[in-house]
Structure formats: C-alpha cells, structure tokens
Amino acid sequence: MSGQRSSVRLSELLSGDPVDVAPRLLGKILAAGPPGEETSGRIVEVEAYRGEDDPASHAFRGPTARNRTMFGRPGLLYVYLSYGMHYCCNIVCWPEGRAGAVLVRALRPLGGLEQMRSRRLRARRDVDLCSGPGKVCQALGIDRAADGTDLLSPGSGVRLVDDRSGSVEGIVVAGPRVGVAAHLLTAGELWRFSVRGDENVSRSGSASGASSARADPVVQP
DNA sequence: GACAAGATTGACT
DNA sequence: GTCAATCTTGTCC
C-alpha cells in the first residue's frame with residue numbers, strides 16, 4: 308500500500324543531521340491516540356538538538372537513563388519531563404548510537420479538536436492548544452510512557468504522517484533556539500525552524516512575544 | 001545524601 | 001514584562 312511507501316520516504320526524511328531534518332519535518336502531521344480518539348496536528352515549529360556536539364542537548368554528556376532513547380534509531384519518539392511539570396517530545400534522527408533529535412515545539416491542530424480542548428482546559432483559543440512544546444504533549448496526550456515509540460509504525464500510539472499536502476516550501480523561517488541559556492547556544496546557530504506567519508507558532512518564538520534581544524529570524528530560500 | 005539547574009507555562013501587574 | 005510553580009535529573013562531596 309502507499310502507506311508503506313510513505314513510511315519509507317519518511318524514514319529517509321528523518322535520517323541525518325538534526326539541523327537538516329528539522330525543517331523537513333515542518334508540514335508533516337503528528338498524530339496520537341487510537342482510531343476514533345485520534346488527535347493530530349501539522350508541525351509548524353521545531354528545534355534541532357545535536358546530542359553530544361551540542362551543549363544545550365540532554366545528550367551532551369553521554370547516555371543516561373533519561374536520554375537513552377535519543378541514542379536510538381531514527382524515527383523514535385524521545386519524551387522527557389521539563390521543569391517537573393511539562394512533557395516535551397523529540398523525534399530521533401541520527402543513526403543508532405549517536406544522539407540527535409528534533410524538538411516539536413508547535414502544531415497547527417487538525418483532528419480531534421474536542422479531545423484537545425478537553426485536555427487543554429486552560430487554552431482560551433484553539434491557537435493556544437499546541438503553541439508550545441509542553442502544550443503539544445498535553446493536547447496529544449503524550450507523556451513519558453510514549454518515550455521510545457516508533458513514529459513510523461502505523462500501529463503506534465504516536466505516529467508521524469506525510470500527507471504531502473502540507474508543503475511549507477519558501478515559508479520556513481530559521482532562527483536561534485529559545486529557552487536555551489545563551490552560553491549553551493552554538494555561535495551563529497539558526498537551529499529553530501517555523502512556518503512564517505503561522506499563528507500556532509509558540510509565543511516565545513514569535514516576534515511580538517520576544518522578551519529579550521535575539522537575532523532576527525532568517526527566511527529560508 | 002544534598003543541592004542546583006532546567007529544551008515551560010500561565011497568572012498577575 | 002515579570003515571576004512563581006514543581007520535580008526530575010545530574011553533579012558534587
């Protein structure tokens with residue numbers, strides 16, 4: 308079936324340097340939950356983390372019980388608890404044994420909106436449902452139990468889908484990562500990628516929500 | 001064993 | 001724009 312072909316395409320798309328893979332994930336669909344209760348959204352903001360080459364990455368100091376999944380094969384989901392309150396999900400992309408992943412920061416809600424609203428009671432508007440890494444996991448019902456899930460397996464609890472209708476060519480904006488201490492950022496890095504003008508992009512990444520001076524985002528050619 | 005830091009969020013001023 | 005909440009993880013002694 309074409310589904311198998313698409314997962315082959317996705318596995319190729321997901322393999323490689325996280326900085327190269329991150330913009331390719333924009334426009335793809337992240338879906339979670341069983342059929343009938345599925346929640347899904349189109350990826351509109353991501354950040355690349357280069358493992359042991361990246362001081363800001365959890366994997367910088369090598370594998371631990373928490374980040375073990377990051378050293379797994381491309382296509383696995385790495386979920387961690389942030390600030391003791393929020394889960395954040397990453398998509399592993401470097402080959403097994405080398406840590407590297409792309410953090411999913413924001414989605415444009417597509418399916419299961421009622422389910423998302425019931426999980427995100429504090430969201431006043433639909434654009435607040437998935438406009439941040441912690442919000443994405445809450446809206447999709449992703450927690451630490453989903454760590455290590457194979458996103459390319461159709462039967463998984465969390466899946467990545469390429470419906471080929473989400474092209475973001477020409478509207479990808481690159482910029483420095485947010486929420487990362489300045490001394491941990493790699494000089495000149497533009498490892499955060501978002502869809503230009505999308506209202507679901509997280510507030511800390513939007514121009515109006517910027518609370519401190521940072522480099523201007525650059526539109527990808 | 002103790003302590004500090006953190007890939008965030010939301011409420012409040 | 002500022003700040004508190006909350007708790008896991010990693011480091012140090």
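Just so you know, our numbering puts the end of the first sequence at 528, numbered straight through with nothing missing.
We put the beta carbon where it would ideally sit given N, CA and C, even for glycine.
Within the continuous alpha helix (DSSP H) that includes Ala481, where are the two ends? Here Ala481 belongs to no alpha helix (DSSP H); instead the beta strand (DSSP E) covers 479 to 482.
Is the segment 411 to 420 in contact with the segment 337 to 355, if contact means three or more CB pairs nearer than 8 Å? yes
Secondary structure of Ile400, DSSP reduced to three states: The identity of residue 400 in the sequence shown is Cys, whereas the question assumes Ile. Here Cys400 sits in coil by DSSP.
Can you look up Ala520 in the DSSP assignment and give me helix, strand or coil? Annotation note: pLDDT 38 at Ala520 (below 50); position unreliable, coordinate value reported separately. Reduced to three states, the DSSP call for Ala520 is coil.
Classify Ser501 as helix, strand or coil using the three-state DSSP reduction. strand
Taking only three categories from DSSP, how would you classify Arg412? strand
Express the C-alpha separation of Cys400 and Pro381 in angstroms, rounding to a whole number. 4 Å
Expected contact under 8 Å - CB spacing of Glu319 and Arg499 to nearest Å: 23 Å between Cβ atoms; not a contact.
Quick one: is Arg484 buried, meaning 16 or more other Cβ sit within 10 Å of its Cβ, or exposed? buried
Who pairs with Glu319 in a beta bridge, going by DSSP? According to DSSP, which records beta bridges pairwise, Glu319 is partnered with nothing at all.
Leaving out five residues before and five after Leu491 in sequence, what residues of the same chain have Cβ atoms less than 7 Å from its Cβ? Pro362, Ala363
Spatial neighbours of Asp450 within its chain, please: C-beta separation below 6 Å, excluding the five flanking residues on both sides. Tyr394
Using DSSP with H/G/I as helix, E/B as strand and the rest coil, what is Ala338? strand
Hey, how far is the Cα of Arg431 from the Cα of Val386? 26 Å
Whole angstroms is fine: what's the gap from Pro402's alpha carbon to Phe378's? 8 Å
Using the beta-carbon count (16 or more within 10 Å), is Ala514 buried or exposed? A caution first: Ala514 carries a pLDDT of 40, below 50, which makes its placement in the model unreliable, though a value can still be read off. Exposed, because fewer than 16 other Cβ atoms sit within 10 Å of the Cβ of Ala514.
So, is Arg357 buried or exposed, given that buried needs 16 or more other C-beta atoms within 10 angstroms? buried
Hey, how far is the Cα of Thr376 from the Cα of Arg503? 31 Å
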